[in-house]
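Here the protein sequences come in this chain order: A and B.
For the first sequence, the positions run 1 to 235 when UniProt numbering is used.
For the second sequence, the positions run 1 to 235 when UniProt numbering is used.
Every residue gets a Cβ at the ideal spot worked out from N, C-alpha and C, and that includes glycine.
Everything on this sheet refers to the single structure shown next.
Protein chains: 2
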Amino acid sequence: MSDERQSDPDSRLSRATAQRLSQYLRCLGSSGTRGSGPISSEELALAVGVSAAQVRRDLAALGHLGQRGVGYDTPALETAIRKTLGIDREWRAVLVGVGNLARALLRYRGFRDQGFVIVGLFDSDPHKVGQPVEGLTVEPVSAIPTRVSTARVELGILTVPSEPAQSVADALVAAGVKGLLNFAPVLLRTPPAVRVVTVDLAIQLEQLAFLVQLRDPPSAEKLVPEWVEKSPPTR
Amino acid sequence: MSDERQSDPDSRLSRATAQRLSQYLRCLGSSGTRGSGPISSEELALAVGVSAAQVRRDLAALGHLGQRGVGYDTPALETAIRKTLGIDREWRAVLVGVGNLARALLRYRGFRDQGFVIVGLFDSDPHKVGQPVEGLTVEPVSAIPTRVSTARVELGILTVPSEPAQSVADALVAAGVKGLLNFAPVLLRTPPAVRVVTVDLAIQLEQLAFLVQLRDPPSAEKLVPEWVEKSPPTR
DNA sequence: CGTTGTGAACTCATTCACAGCT
DNA sequence: AGCTGTGAATGAGTTCACAACG
Chain A
1 MSDERQSDPD SRLSRATAQR LSQYLRCLGS SGTRGSGPIS SEELALAVGV
51 SAAQVRRDLA ALGHLGQRGV GYDTPALETA IRKTLGIDRE WRAVLVGVGN
101 LARALLRYRG FRDQGFVIVG LFDSDPHKVG QPVEGLTVEP VSAIPTRVST
151 ARVELGILTV PSEPAQSVAD ALVAAGVKGL LNFAPVLLRT PPAVRVVTVD
201 LAIQLEQLAF LVQLRDPPSA EKLVPEWVEK SPPTR
Chain B
1 MSDERQSDPD SRLSRATAQR LSQYLRCLGS SGTRGSGPIS SEELALAVGV
51 SAAQVRRDLA ALGHLGQRGV GYDTPALETA IRKTLGIDRE WRAVLVGVGN
101 LARALLRYRG FRDQGFVIVG LFDSDPHKVG QPVEGLTVEP VSAIPTRVST
151 ARVELGILTV PSEPAQSVAD ALVAAGVKGL LNFAPVLLRT PPAVRVVTVD
201 LAIQLEQLAF LVQLRDPPSA EKLVPEWVEK SPPTR
């Protein structure tokens, strides 16, 4: 019963794999496909839109938590994924740039549900400083260093325009955050130890346009290649 | 090979490649690294954060638009990327679910700059219907069919909660949109001809946590509090 | 010169197919 | 029976290295 082996869940997971783990987690959480019993790779695959083999490969990397002939125990799987992703604990974050996007993120239930807590709001606009937003009070950017260190903040979320993004990032890094979620369409320069995830919304829309345009050739009827989207093995 | 049809830029671009093309485009647009002359693969690589070989491979797929010993002509490159991505024209979109995220997207300059125009806003909340938002008036979801067809809308943006997401998607698809940008954390079921790009913000944060946690080993709690050696999180 | 374009090698990711367990 | 885990095969994507060219 000593599961010594699983103490090494092989940290070398690709980012794509980690993303899928998040998706599996979402399926487990939502009552959607669940009958509260064990879940099979087939079911998860269908729910997330990947192949069953992919699911098994992904989950096998977390240790032996499936039971042959039965499937994966739902609570155990959830725990294992949480642990692997590092979200089996609370993460404190601050948000810089209090616009509509910031408000949307603050309201977003998915963050708090997964253990992310936003403990500080900052903006350079003096008119916004002091305002209450979703239970927090907007502080000036000059307050970042003390706030980040005293509250032991590890993550910074940037919802500022492109121009100030780099300097805000610098300030957050100097204050000691270990990761940045960046919504500005720029490449942030940070020390290698600081991890950055950038979400560029315009690029996503451009992707969509590209995919649609691929289907409807601009003028001449050009055949659509086979690759298209990673369509689930729709039966 | 001399007389390559530039109208055949080999549509078989991977999605990752298309994303990078968007990024290159951004660099060309912003005055950042430009001296208005030709730009080299090295410069683009540095600005976007990929290798120079990657840039060359990506751009070679669009046709021969580099000049050896010189680099890529900036305006020609911009035109070629735009055409390949299908954003050399206007795209009309509607937005369903008028919350903070929707407001943020409406204000986002990057959309209109790239030729995306939001021509309709819809919400199921009777209190929001009729309200003016960023120059548009919120309409009821029941108005989707007529609006989408009369305005020849091709794209739908979903900023609704998870629960109504599928039914809203169905309505948009029935009305004739060809692509969906989905911000709800669910897998949308659509006919294969309809393209879907999903942006799950919670997953992005989870990715960040994963990356950060990868750097700082989970440190079993039975371990002596000899905490870190790099950056002191404690003051 | 300097820089592109590209075969070839290489690494990473996914699927196949089936042995092995319950 | 059913389903997982995994070696082997396949495929996709990236880097190397250099010939080709202005």
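Within 8 Å of any Cβ in chain A, is that where the Cβ of R92 (chain B) sits? Translated into the one-based positions of the second sequence, residue 92 (chain B) becomes position 92. The Cβ of R92 (chain B) sits no closer than 8 Å to any Cβ of chain A.
Classify K230 (chain B) as helix, strand or coil using the three-state DSSP reduction. In the second sequence, counting from the first residue as 1, residue 230 (chain B) sits at position 230. Residue placement at K230 (chain B) is flagged as unreliable, the pLDDT there being 39, under the threshold of 50; the coordinate-derived value follows with that caveat. Note: K230 (chain B) maps to coil in three-state DSSP.
What did DSSP end up calling D216 (chain A) once you bin it into helix, strand or coil? Stepping through the first sequence from its first residue, residue 216 (chain A) is reached at position 216. DSSP places D216 (chain A) in coil when its eight states are reduced to three.
Which two residues bound the contiguous alpha helix (DSSP H) that contains T79 (chain A)? Sequence index remark: in the first sequence, residue 79 (chain A) carries index 79 (1-based). Its alpha helix (DSSP H) spans residues 74-85.
Taking one C-beta from the stretch 54-69 of chain B and one from the stretch 60-78 of chain A each time, how about it: are there three or more such pairs within less than 8 Å? Three or more Cβ pairs closer than 8 Å define a contact, and the stretch 54-69 of chain B falls short of that threshold against the stretch 60-78 of chain A.
Once DSSP output is grouped into helix, strand and coil, what is the label at R89 (chain B)? For this step, residue 89 (chain B) is matched to residue 89 along the second sequence. Annotated three-state conformation of R89 (chain B) is coil, per DSSP.
How long is the line joining the alpha carbons of I203 (chain A) and L155 (chain B), rounded to whole angstroms? The residue you call residue 203 (chain A) lines up with position 203 of the first sequence. The residue you call residue 155 (chain B) lines up with position 155 of the second sequence. Those two C-alpha atoms are separated by around 15 Å.
Selection from A:R215, A:A18, A:L95, A:N100 that minimises the alpha carbon distance to I144 (chain A): As a first step, residue 144 (chain A) must be located in the first sequence, where it is residue number 144. Of the listed residues, the one whose Cα sits closest to I144 (chain A) is A:L95.
Just how far apart, CA to CA, sit A18 (chain B) and T150 (chain A)? What you label residue 18 (chain B) is simply residue 18 of the second sequence in a count that begins at 1. What you label residue 150 (chain A) is simply residue 150 of the first sequence in a count that begins at 1. One C-alpha to the other measures close to 42 Å.
According to a CB-to-CB cut-off of less than 7 Å, which residues of the stretch 189-210 of chain A neighbour chain B? Residues A193, R195, V197, V199, L201, A202, I203, Q204, L205, E206, Q207, L208, A209, F210.
Cβ closer than 7 Å: which chain A residues qualify as neighbours of Q166 (chain B)? Looking up residue 166 (chain B) in the second sequence gives position 166. Contact of Q166 (chain B) with chain A by beta-carbon distance below 7 Å is absent, the smallest such distance being about 11 Å.
Pick out whichever of A:A174, A:F183, A:A47 has its Cα sitting closest to the Cα of L101 (chain A). Counting from 1 along the first sequence, the entry for residue 101 (chain A) is found at position 101. Closest option to L101 (chain A), judged by alpha-carbon separation, among A:A174, A:F183, A:A47: A:F183.
Residue ranges of each beta strand (DSSP E) run of no fewer than 3 residues wholly in the UniProt domain "CoA-binding" (86-187) of chain B, ordered along the chain? Runs of the beta strand (DSSP E) spanning 3 or more residues and lying entirely within the UniProt domain "CoA-binding" (86-187) of chain B occur at 91-96, 116-123, 136-140, 155-158, 179-182, in chain order.
Which one or two residues does DSSP pair with I39 (chain A) in a beta bridge? Along the first sequence, read from residue 1 onward, the residue named residue 39 (chain A) stands at position 39. Residue pairing of I39 (chain A) in beta bridges, as defined by DSSP: A:Y72.
Going straight from the alpha carbon of R82 (chain B) to that of D88 (chain A), what length do you get? As a working note, residue 82 (chain B) is residue 82 in the second sequence. As a working note, residue 88 (chain A) is residue 88 in the first sequence. Distance between the alpha carbons of R82 (chain B) and D88 (chain A): 43 Å.
For the alpha helix (DSSP H) that T198 (chain B) lies in, which residues bound it at each end? Against the second sequence, residue 198 (chain B) aligns to sequence position 198. T198 (chain B) -> not in any alpha helix (DSSP H); beta strand (DSSP E) instead, spanning 195-198.
Answer with buried or exposed for D170 (chain A), where buried requires no fewer than 16 other C-beta atoms within 10 angstroms of its C-beta. Indexing the first sequence from 1 puts residue 170 (chain A) at position 170. Exposed: under 16 other Cβ atoms inside 10 Å.
Look at the Cβ atom of E42 (chain B), then the Cβ atom of A52 (chain B), and state whether they are nearer than 8 Å. By one-based count along the second sequence, residue 42 (chain B) stands at place 42. By one-based count along the second sequence, residue 52 (chain B) stands at place 52. Contact: yes.
Is residue 236 (chain A) helix, strand or coil by DSSP? Outside the shown range of chain A (1 to 235) lies residue 236 (chain A), about which nothing can therefore be said.
Quick one: give me the first and last residue of the alpha helix (DSSP H) that R15 (chain A) is part of. Your numbering for residue 15 (chain A) matches position 15 in the first sequence. Unbroken alpha helix (DSSP H) run through R15 (chain A): 15-29.
Please confirm whether L59 (chain B) has its beta-carbon closer than 8 Å to some beta-carbon of chain A. In the second sequence, the residue the question calls residue 59 (chain B) occupies position 59. No, because no Cβ of chain A sits closer than 8 Å to the Cβ of L59 (chain B).
Tell me whether the stretch 192-202 of chain A and the stretch 207-215 of chain B touch, counting them as touching only if at least three CB pairs, one residue from each stretch, are closer than 8 Å. Cβ pair count under 8 Å is three or more, so yes.
Enumerate in chain order the residues of its own chain whose CB-to-CB distance from Y24 (chain A) is below 8 Å, with the five nearest sequence positions on each side excluded. Locating residue 24 (chain A) in the first sequence gives position 24, counting from the first residue. Hits under 8 Å: L44, V48, V55, D58, L59, L77, I81.
Quick one, are the C-beta atoms of V148 (chain B) and G176 (chain B) less than 8 Å apart? Here residue 148 (chain B) is taken as the residue at index 148 of the second sequence, counted from 1. Here residue 176 (chain B) is taken as the residue at index 176 of the second sequence, counted from 1. Yes, they are a contact pair.
Quick one: measure Cβ to Cβ for P217 (chain A) and D200 (chain A), integer angstroms, because I've assumed they're closer than 8 Å. Within the first sequence, numbered from 1, the residue matching residue 217 (chain A) stands at position 217. Within the first sequence, numbered from 1, the residue matching residue 200 (chain A) stands at position 200. The C-beta separation of P217 (chain A) from D200 (chain A) comes to about 27 Å, leaving the pair out of contact by the 8 Å criterion.
Interface flag, V129 (chain A) vs chain B, CB-CB below 8 Å: As a working note, residue 129 (chain A) is residue 129 in the first sequence. No - not a single Cβ of chain B is within 8 Å of the one on V129 (chain A).
Beta-carbon gap between V153 (chain A) and A93 (chain A) smaller than 8 Å: As a first step, residue 153 (chain A) is located in the first sequence; it is residue number 153 there, counting from the start. As a first step, residue 93 (chain A) is located in the first sequence; it is residue number 93 there, counting from the start. The answer is yes: Cβ separation under 8 Å.
Taking 8 Å as the threshold (C-beta atoms), are V138 (chain A) and L158 (chain A) in contact? The residue labelled residue 158 (chain A) in the question sits at position 158 within the first sequence. The residue labelled residue 138 (chain A) in the question sits at position 138 within the first sequence. Cβ distance not < 8 Å, so L158 (chain A) and V138 (chain A) don't count as in contact.
Could you tell me the distance, in whole angstroms, from the CA atom of V50 (chain B) to the CA atom of L105 (chain B)? On the second sequence, position 50 is the one that residue 50 (chain B) refers to. On the second sequence, position 105 is the one that residue 105 (chain B) refers to. V50 (chain B) and L105 (chain B): Cα-Cα distance of roughly 28 Å.
Candidates B:I39, B:G97, B:L85, B:W91: which alpha carbon is nearest Y72 (chain B)'s? Translated into the one-based positions of the second sequence, residue 72 (chain B) becomes position 72. Of the listed residues, the one whose Cα sits closest to Y72 (chain B) is B:I39.
I'd like to know whether the C-beta of F122 (chain A) is nearer than 8 Å to at least one C-beta of chain B. Numbered from its first residue, the first sequence carries residue 122 (chain A) at position 122. Chain B, which has no Cβ nearer than 8 Å to the Cβ of F122 (chain A), makes this no.
C-alpha distance - R12 (chain A) paired with L214 (chain B), whole-angstrom precision: As a first step, residue 12 (chain A) is located in the first sequence; it is residue number 12 there, counting from the start. As a first step, residue 214 (chain B) is located in the second sequence; it is residue number 214 there, counting from the start. For R12 (chain A) and L214 (chain B), the distance between alpha carbons rounds to 9 Å.
To the nearest whole angstrom, what separates the beta carbons of A165 (chain B) and L181 (chain B), a pair I think is in contact under 8 Å? Along the second sequence, read from residue 1 onward, the residue named residue 165 (chain B) stands at position 165. Along the second sequence, read from residue 1 onward, the residue named residue 181 (chain B) stands at position 181. Their Cβ separation, rounded to whole angstroms, is 12 Å, which puts A165 (chain B) and L181 (chain B) out of contact at 8 Å.
Relative to the alpha-carbon of T84 (chain A), which residue among A:G99, A:S14, A:S124, A:G97 has its alpha-carbon at the smallest distance? Residue numbering aside, residue 84 (chain A) sits at position 84 when the first sequence is read from its first letter. Checking every option, the nearest Cα to that of T84 (chain A) belongs to A:S14.
Suppose you measure from the CA of V133 (chain A) to the CA of K128 (chain B); what does that come to, to the nearest Å? Taking the first sequence and counting its residues from 1, the one referred to as residue 133 (chain A) is at position 133. Taking the second sequence and counting its residues from 1, the one referred to as residue 128 (chain B) is at position 128. C-alpha separation (whole angstroms): 21 Å.
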